[in-house]
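To convert, take the position in the sequence shown, counting from 1, and add 26; that gives my numbering.
To start, the structure itself, in structure tokens.
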Amino acid sequence: MMTTRFLRLFCAVLVAISAQRVVSEDTTSGSADAIGKAATFLWAQQAEDGSWPSKTYGVLKTGQALTPFVLLTLQRVPGEIFAPPKENLNRALAYIRKNINAEGALGLSDPLIAEYPNYATALAVVALAHSKPAQGSADAKLIDRMIAYLKSQQLNGDGGKGWKVSDPAFGAWGYGGVPIKAPESGHADLSITRYVLEALRAWKPEEHETAFRDARRFISRLQNLTIPRHDHLPIGDGGFFFSNVLPDANKAGKDGDRFKSYGTATADGLLSLYACKADSLCIDAASNWLLDHHGAGGVPGVPAGGEKAWDQGIRFYYSGVKEDDPLIATPLALLALIHSR
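See below:
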């Protein structure tokens, strides 16, 4: 049984349940039924080659980005509720392996469209690592290559990329592809950074401390929190904004010279803090922001009634139900159901 506080925090991160209560036996039974139906639906959408291509968005049409996302969700379904069909599982894993390029990236098989390679590769690392491949096995070697690719994409000083600690985007990740050299940061944001950090945490994390350290610098610049030295209380609300190099992407706007905290960014920020084992004060501050600002009517922190109506427009991103593609919405809802049991 979940405590009320934990359930409220989970709602703020995935917003899986609108009511803040302890899960009852009836709710658990109902969620198991919903989980089974969602898993059945997703397996039925798998293409013959093992992928999950989008029928809604052209940029996701090959399935390179969606396949590890859907597969990872299905891997997390409790076996007693719905065991993955072995043949389908093997086809999905084979599709991922087949589409990893020589550098270790997934998402670059189509020469015309880069299908979010950092995002796709990060999710694929976690999906392949799920079965805990033995050291020296083919999958282990493949994951090592994928991790090397992801680390090459970090905006830091490695490999002559030229980034300095003082650069705003230092330590971040963007969409991926060709490594970005300073001073052009490209699309560096908290969401992609979070997914890559979770991949690094999933595979030989003891080997990635430099990457975690550099990422903590970027993450700290997006958290509205200052921790003074000595015995003073932290300053700031503890929430997060999305990016310090993409001003228009911060949907809550500014408060003076500082971007305001809001729910979707703070959820990604908290998960990033966990992935790179950040200071507990930072984690507690982000957790408390989510708990204090949670609400089902819109995205916390995003002003209501603005010209672009961002509070409603990104409400479903925050709720874990994104856009109108069932291959995106269903896995996110399924994850929420799994974690709320």
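From the three backbone atoms N, C-alpha and C, an ideal C-beta is built for every residue, glycine too.
Gln72 counts as buried, since no fewer than 16 other beta carbons sit within 10 angstroms of its beta carbon. The beta carbon of Leu307 sits closer than 7 angstroms to those of Ile253 and Pro260, all from its chain and outside the five residues before and after it, given in chain order.
Between Ala301 and Arg242, the C-beta spacing is not below 8 angstroms. Counting only residues of its own chain and dropping the five nearest sequence neighbours on each side, His156 has a CB closer than 8 angstroms to the CB of Leu98 and Gln101. Segment contact: the stretch 55–64 against the stretch 111–126, fewer than three CB-CB distances shorter than 8 angstroms; contact not assigned. In the three-state scheme derived from DSSP, where H, G and I count as helix and E and B as strand, Arg367 is classed as coil. Contact check for Leu68 and Glu141: beta-carbon distance about 19 angstroms, past the 8 angstroms limit, so the pair fails to qualify. Around the C-beta of Ser163, fewer than 16 other C-beta atoms lie within 10 Å, and the residue is accordingly described as exposed.
Bridge partners of Gln179 according to DSSP: none are assigned. With contact defined as three or more Cβ pairs closer than 8 angstroms, the stretch 231–240 and the stretch 268–286 are not in contact. Cβ-Cβ distances below 7 angstroms link Tyr175 to Glu129, Gly130, Ala131 and Thr147 in the same chain, with the five nearest sequence neighbours on each side left out; the list follows chain order. 8 angstroms or more divides the Cβ of Gln249 from the Cβ of Phe268. Annotation for Ala120: Gly76 place their beta carbon closer than 8 angstroms to its own, counting only its chain and skipping 5 residues before and after. Annotation: the stretch 218–274 contains no complete segment of the beta strand (DSSP E) (minimum length 3 residues). Going by DSSP, Glu129 is part of no alpha helix (DSSP H) at all; its letter is neither H nor E. In the DSSP annotation of this structure, the continuous segment of the alpha helix (DSSP H) that includes Gly295 starts and ends at Gly289 to Ala301. Within the same chain, and ignoring the five residues on either side of Gly202 in sequence, the residues whose Cβ sits closer than 6 angstroms to its Cβ are Pro143, Asn144 and Gln179.
Residue range Pro143 to Ala155 is occupied by the alpha helix (DSSP H) that includes Val151.
Excluding residues up to 5 positions away in sequence, Leu181, Asn182, Gly183, Phe196 and Ala208 lie with their Cβ nearer than 7 angstroms to the Cβ of Trp189 in the same chain.
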